[in-house]
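Read through the structure below, which is laid out as structure tokens, and then see the notes.
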Amino acid sequence: MFRKVLIANRGEIAVRIIRACQERGINTVAVYSDADRTALHVRYADEAYYIGPSPARDSYLRADKIIDVARRSGSDAIHPGYGFLSENAGFAAACGDAGVTFIGPSPEAIAAMGDKITARATVAKADVPLVPGTARDLHDDDLFDAAEKLGYPVLVKASAGGGGKGMRLVTEPAELQSGLGAARRESLAAFGDDSIYLEKAIESARHVEIQILADSHGNVIHLGERECSIQRRHQKLVEESPSVAVDQDLREKMGAIAVAAAHAVNYVSAGTIEFLLDKEGQFYFLEMNTRLQVEHPVTELVTGVDIVKEMISIANGRRLRLKQEDIRMKGWAIECRITAEDPENNFMPSGGTIVSLREPTGPGIRMESGIYEGIEVSLFYDPMIAKLVAYGESRAEAILRMRRALSEYRIAGIKSSVPFHLSLMDTPRFQWGQFDTRFLESHTAPPVQNIEEQKRLAAIVGAMLHHEGGVRSINISHGEELEHGQSTWRRSALLGGMRPLLS
Numbered sequence: 071m072f073r074k075v076l077i078a079n080r081g082e083i084a085v086r087i088i089r090a091c092q093e094r095g096i097n098t099v100a101v102y103s104d105a106d107r108t109a110l111h112v113r114y115a116d117e118a119y120y121i122g123p124s125p126a127r128d129s130y131l132r133a134d135k136i137i138d139v140a141r142r143s144g145s146d147a148i149h150p151g152y153g154f155l156s157e158n159a160g161f162a163a164a165c166g167d168a169g170v171t172f173i174g175p176s177p178e179a180i181a182a183m184g185d186k187i188t189a190r191a192t193v194a195k196a197d198v199p200l201v202p203g204t205a206r207d208l209h210d211d212d213l214f215d216a217a218e219k220l221g222y223p224v225l226v227k228a229s230a231g232g233g234g235k236g237m238r239l240v241t242e243p244a245e246l247q248s249g250l251g252a253a254r255r256e257s258l259a260a261f262g263d264d265s266i267y268l269e270k271a272i273e274s275a276r277h278v279e280i281q282i283l284a285d286s287h288g289n290v291i292h293l294g295e296r297e298c299s300i301q302r303r304h305q306k307l308v309e310e311s312p313s314v315a316v317d318q319d320l321r322e323k324m325g326a327i328a329v330a331a332a333h334a335v336n337y338v339s340a341g342t343i344e345f346l347l348d349k350e351g352q353f354y355f356l357e358m359n360t361r362l363q364v365e366h367p368v369t370e371l372v373t374g375v376d377i378v379k380e381m382i383s384i385a386n387g388r389r390l391r392l393k394q395e396d397i398r399m400k401g402w403a404i405e406c407r408i409t410a411e412d413p414e415n416n417f418m419p420s421g422g423t424i425v426s427l428r429e430p431t432g433p434g435i436r437m438e439s440g441i442y443e444g445i446e447v448s449l450f451y452d453p454m455i456a457k458l459v460a461y462g463e464s465r466a467e468a469i470l471r472m473r474r475a476l477s478e479y480r481i482a483g484i485k486s487s488v489p490f491h492l493s494l495m496d497t498p499r500f501q502w503g504q505f506d507t508r509f510l511e512s513h514t515a516p517p518v519q520n521i522e523e524q525k526r527l528a529a530i531v532g533a534m535l536h537h538e539g540g541v542r543s544i545n546i547s548h549g550e551e552l553e554h555g556q557s558t559w560r561r562s563a564l565l566g567g568m569r570p571l572l573s
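The number in this note's numbering is simply the position in the sequence shown, starting from 1, with 70 added.
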């Protein structure tokens, strides 16, 4: 096993990786910028090294500085976390050249799946279903013709994109020219590459992804699905596992396709195959993330698999300790991304000093945090400061626990997304599992209820959930009945909320 691992990241994910290493008896090395001199990950690590000014381009994106620290500290390996250099094939290759193990996939796999057009062509050879789209580097005239053939609406997408950058939804021909220009400019600024392509926009689609693990001995397994449809401007806000839209048969089909996609690039390490799932139950390859995902905790909770530890073992050359038949999904987990943003002011970033902090605890609650009382929250980096995860035996219990935990959460000194998440948990259509990727564009979460009202609702729902057989006979609020002909798993999803039980 590695003796010392450098974490080339910051914030809550750096703390998460440090903890996994500590549980394996591995020493850890943190890196930090000017803005992060007093950061939590710096305090947690065994050693910490300064790598430059606050802007990421001068610190966390400087592969040369990070590899120099690895040499000076005697680190055996580097874990990149997510973001920054995690999907940079050049960085992965430079680690190998320096004699330091990169805890992640090969540079070749990162390059093949990092470019969306190349990724589509690669997985198509493995019969992975694709969203209809175009090739790269077409002239505008050809793109106009292609859009007509695909049929509006279409998505203009950056080939090197990610996180919603370089993406524009075009609903009619008159919008296409401006959409092409905007996507190219944004992609060039974000990725240094203005290559774009078109995809048919799948309407009323869900964003469902499959977590995979692959070792260097040819073994690949999947850990089931995550539902990531609650998004704002293509940025995920809430994730859960399993998905209310996926039954066992569909899970096995999507899992098999995800494993085939991983085999197509000789993938090694943890990775995620992202799909769009339409309302007819057809799914299409969206992209592959060749790194650890932000939402990995929900999968860990329902499968019992520590994905970060598995990544470390795989990078050390070990075989997967689990086979596909060993993977069992039990219970339900929901994750809320806690960001330093003001949801009442169009999610504007909110920096400053956290003057008071009380993070929730209790049964079924997991906190992944990068903050503490007195820390300065910088505007130089991604606004996510923590992840709150709730686990329950059912989706209803997970929602109840999440609502309870959010109501306990206290952050003073900055604005946060906590009120937004608390409101979302009380939205009937979220509780019923009836949403897609455009849910937040057409639905506004209700005002946050006062604490006493939350306690009253929780008490009523808790009693209803524990009343044997009572749930199955209760109508949805406002007199709406469950639709006839729904499968058992779908009925369970609809009955898994709270407000539907309070008619």
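Backbone N, C-alpha and C fix where the C-beta goes; we use that ideal spot for every residue, glycine too.
Put simply, of I136, Y267, G374 the residue whose alpha carbon is nearest the alpha carbon of L220 is Y267. Membership of Q394 in any beta strand (DSSP E) is not indicated, and neither H nor E is assigned to it by DSSP.
According to the DSSP assignment, F154 belongs to no beta strand (DSSP E), since it is labelled neither H nor E.
Judged by pairs of C-beta atoms under 8 Å, the stretch 437-445 touches the stretch 413-425, as three or more such pairs exist. The stretch 359-368 and the stretch 337-346 touch, with three or more beta-carbon pairs separated by less than 8 Å.
With contacts defined as CB atoms closer than 8 Å, L392 and I282 fail to qualify as a contacting pair. Segment contact: the stretch 394-405 against the stretch 452-462, three or more CB-CB distances shorter than 8 Å; contact assigned. Distance from the CA of A315 to the CA of S486, rounded to the nearest whole angstrom, comes to 30 Å. Of all C-beta pairs linking the stretch 190-205 to the stretch 255-264, fewer than three are shorter than 8 Å, placing the two stretches out of contact. For C91, the closest of E279, E429, A133, D376 by C-alpha to C-alpha distance is D376.
Membership of A228 in the beta strand (DSSP E) is indicated by the continuous run 224-228. Under the three-state reduction of DSSP output, K485 falls in the coil class, being neither helix nor strand.
Sequence-distant Cβ neighbours of L476 in its own chain, meaning closer than 8 Å and more than five residues away, are C406, P430, L458, V488, H491, L492, M495.
Per the coordinates, the alpha-carbon of Q301 lies some 11 Å from the alpha-carbon of F505.
Under the three-state reduction of DSSP, Y114 is assigned to helix.
A straight line joining the alpha-carbon of L246 with that of M183 spans about 27 Å. When the beta-carbon positions are compared, I173 and M381 come within less than 8 Å of each other. By the neighbour-count criterion, in which a residue is buried when 16 or more other Cβ atoms sit within 10 angstroms of its Cβ, A230 is buried. In terms of Cβ geometry, V112 and D104 do not form a close pair [threshold 8 Å]. Note that the stretch 406-415 does not touch the stretch 311-330; fewer than 3 beta-carbon pairs, one per stretch, sit closer than 8 Å. With a beta-carbon spacing of about 6 Å, T369 and R296 fall inside the 8 Å limit used to define contacts. The DSSP-derived three-state label of S426 is strand.
Rounded to the nearest whole angstrom, the C-alpha separation of E269 and I343 is 17 Å. The DSSP assignment places complete alpha helix (DSSP H) segments of no fewer than 4 residues inside the stretch 419-483 at 465-478, in order along the chain.
The criterion of a C-beta distance shorter than 8 Å is satisfied by L346 and A275. In the DSSP assignment, S339 forms a beta bridge with A284. E309 sits close to E365, with the two beta carbons spaced by under 8 Å.
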